[in-house]
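Residue numbers (the numbering used here): 78 to 167. Each remark here refers to the structure printed beneath this line.
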């Protein structure tokens, strides 16, 4: 699976992990799980609705989500769009 972080994702990730190394480590673990199985139960992967219809999200921590899109029908190319708390990304 190809993972492509967008510029806004990179900026948000840098901001959220600047003072929280443990979140960066946890993200790396969850991303590896996502690569192995995007629908692993512990990721709580789900489609978004409303203004974010067409996007998906998975959980990194209790109040940290990653918003992404699949770019093809095979779902082997993903663009990461945002990372943040529930209120920040939705």
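C-beta atoms are modelled at their ideal positions from N, C-alpha and C, and glycine is treated no differently. Remember, it's a predicted structure, so these values are computed and weren't measured experimentally.
Task: Nonlocal neighbours in the same chain, by C-beta distance under 6 Å from residue 104, ignoring five residues either side - done: Working through the chain shown from its first residue, we reach residue 104 at position 27. 137.
Task: residue 98 (DSSP reduced to helix, strand or coil) - done: Here the question's residue 98 lines up with position 21 in the chain shown. Residue state, collapsed to three classes: helix.
- [ ] Look up residue 61 in the DSSP assignment and give the residues it is bridged to.
- [x] Here the chain has residues from 78 to 167 only, and residue 61 is not among them.
Task: Simplified DSSP state of residue 135, which is helix, strand or coil - done: Numbered from 1 along the chain shown, position 58 holds the residue referred to as residue 135. Strand.
- [ ] Mark residue 96 as exposed unless 16 or more other C-beta atoms lie within 10 angstroms of its C-beta, in which case mark it buried.
- [x] Within the chain shown, the letter at position 19 stands for residue 96. Its Cβ having fewer than 16 others within 10 Å, residue 96 is exposed.
TODO: With a 10 Å radius around its C-beta and 16 neighbouring C-beta atoms as the bar for buried, classify residue 127 as buried or exposed.
DONE: In the chain shown, the residue the question calls residue 127 occupies position 50. Classification for residue 127: exposed.
- [ ] Locate the alpha helix (DSSP H) running through residue 165, then write down its first and last residues.
- [x] Position 88 of the chain shown holds residue 165. For residue 165, the enclosing alpha helix (DSSP H) stretches over residues 163-166.
TODO: Per DSSP, which residues does residue 124 bridge with? Please list them.
DONE: Numbered from its first residue, the chain shown carries residue 124 at position 47. In the DSSP assignment, the residues bridged to residue 124 are 133.
Open item on the list: Quick check on this structure: which residue in 123, 112, 119, 166 has the alpha carbon closest to the alpha carbon of residue 154?
Closed with: Here residue 154 corresponds to residue number 77 of the chain shown, with the count starting at 1. When only C-alpha atoms are compared, the closest one is 112.
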